[in-house]
Amino acid sequence: MKGWEFTGTNEPLVLVEKPDPVAAPGTVIIEVKAAGLCHSDVATLRDPGWMKILAKVPIILGHEIAGVITEVGEGVTDFAVGDRVGVCPVGKDGLGPGNGRDGGYADKVLVPAVDLVPIPEGVTFAQAAAGTDAGMTSYHAMFQKGGAKAGMKVGVIGIGGLGQMAARAAVVAGCDVYAVDLSPAARDLAKEIGCKEVFENVSDLAAVAPELIVDYAGFGTTTADAIDAVAVGGTVVLVGMGKLQTTINTSNLILKSVQLKGSVGGTVEDVAAVYELMAQGHLNPTITEITFDEISDGLGRLERHEVTGRLVANLE
């Protein structure tokens with residue numbers, strides 16, 4: 001097998017050849033058909049604080065995976081060779097792909113069967129890959145942590161790979177969605193997917209006073225401004241990790257009785273819910289496809305904020 005391996009902070013990914021993985025009991029081997037590129041991998045490359053998240057180094061990155069099962073280990077009964085599957089990036093054994101074990105920036109990957117989600121008919125591999133981390137994480141934060149429901153005013157900060165899916169899912173659920181992004185292209189996208197109003201600055205949300213604001217950017221000031229803008233008694237959910245530290249107005253946090261929650265990952269059920277939205281035609285995220293050989297350069301494009309929507313490597 002070949003894959004893009006991380007060797008250390010501020011070191012470029014290295015394209016390596018390794019022995020093919022072999023299915024152990026309870027696992028399968030997937031021929032990767034699509035792998036989503038995530039800003040957290042950019043952070044892994046640049047911020048030494050991310051080293052503690054990795055179970056080993058060197059490691060093949062990539063935690064947004066969709067493909068076809070080519071080998072089934074002993075004891076696996078719910079899946080078979082030839083099945084189209086996505087991979088929940090939050091492993092039930094605590095070892096997710098790309099941080100706990102070699103991930104999807106490779107042509108083959110070993111995955112526990114309990115982390116698999118069937119891909120419905122009509123959902124492409126690229127959509128399925130984006131629907132794992134980007135879809136799952138955004139959906140979980142919006143609905144499980146944030147409690148979004150019909151009729152609620154919801155603010156979404158960052159209409160990128162995660163935010164666009166969360167915003168669209170909230171629109172479909174009947175929420176009044178107010179989006180914020182510095183990028184004109186992202187603001188145009190927010191309008192296209194049904195957001196009620198679109199702003200350039202988080203502070204502009206104060207005029208709306210959403211009951212829930214979900215921060216998919218997490219650049220420090222975005223979270224602080226969200227606390228200031230959310231309604232009294234409202235909830236701010238932090239998902240994005242653009243910056244690992246911030247300073248907040250504790251007076252507003254306390255006097256407005258704001259709930260500040262962190263949200264990470266999700267479950268196979270969240271991935272399945274996202275896939276169902278895709279299969280029904282409600283969710284069609286903006287995706288830019290690249291080749292396997294362009295993965296390293298693609299992370300550079302993410303770092304330079306040159307991508308609208310989700311960047312996915314097509315290995316078909």
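Okay, so the sequence shown: first residue is 1 according to UniProt numbering, each after it adds one.
The beta-carbon is built from N, C-alpha and C at its ideal position, and this holds for glycine as well.
A distance of 8 angstroms or more separates the beta carbons of C195 and V214. Secondary structure of F292 (DSSP, three-state): helix. In the displayed model, P184 falls within a helix according to three-state DSSP. Inter-residue distance for E31 and T247 is about 44 angstroms (C-alpha atoms, whole angstroms).
Annotated as distal: V232 and L205, with beta-carbon spacing of 8 angstroms or more. According to DSSP, residue pairing for V156 in a beta bridge involves A179 and V214. Three or more beta-carbon pairs separated by less than 8 angstroms link the stretch 103-119 to the stretch 79-91, which places the two stretches in contact. For R84, the three-state secondary structure derived from DSSP is strand. Per DSSP, Q164 is one residue of the alpha helix (DSSP H) stretching across G163 to V172. Taking C-alpha positions only, F199 is separated from Y178 by approximately 8 angstroms.
Look at the stretch 50-106 and you find these whole runs of beta strand (DSSP E), each 3 residues long or longer: 64-72 and 84-87.
Taking all protein chains in view, the Cβ of V14 is surrounded by fewer than 16 other Cβ atoms within 10 Å, so the residue is classified as exposed.
For L110, the enclosing beta strand (DSSP E) begins and ends at K108 to P112.
CA-to-CA, the gap between H39 and E303 works out to about 7 angstroms. A contact is defined here as three or more CB-CB pairs under 8 angstroms, and the stretch 135-149 fails this definition with respect to the stretch 94-105.
Counting the other Cβ atoms within 10 Å of the Cβ of T7 gives fewer than 16, which makes it exposed. Around the CB of K108, 16 or more other CB atoms lie within 10 Å, so the residue is classed as buried. Under the DSSP assignment, F143 falls outside any alpha helix (DSSP H); it carries neither an H nor an E label. When DSSP states are grouped into helix, strand and coil, K191 belongs to the helix group. By DSSP's assignment, N314 forms a beta bridge with A34 and T291.
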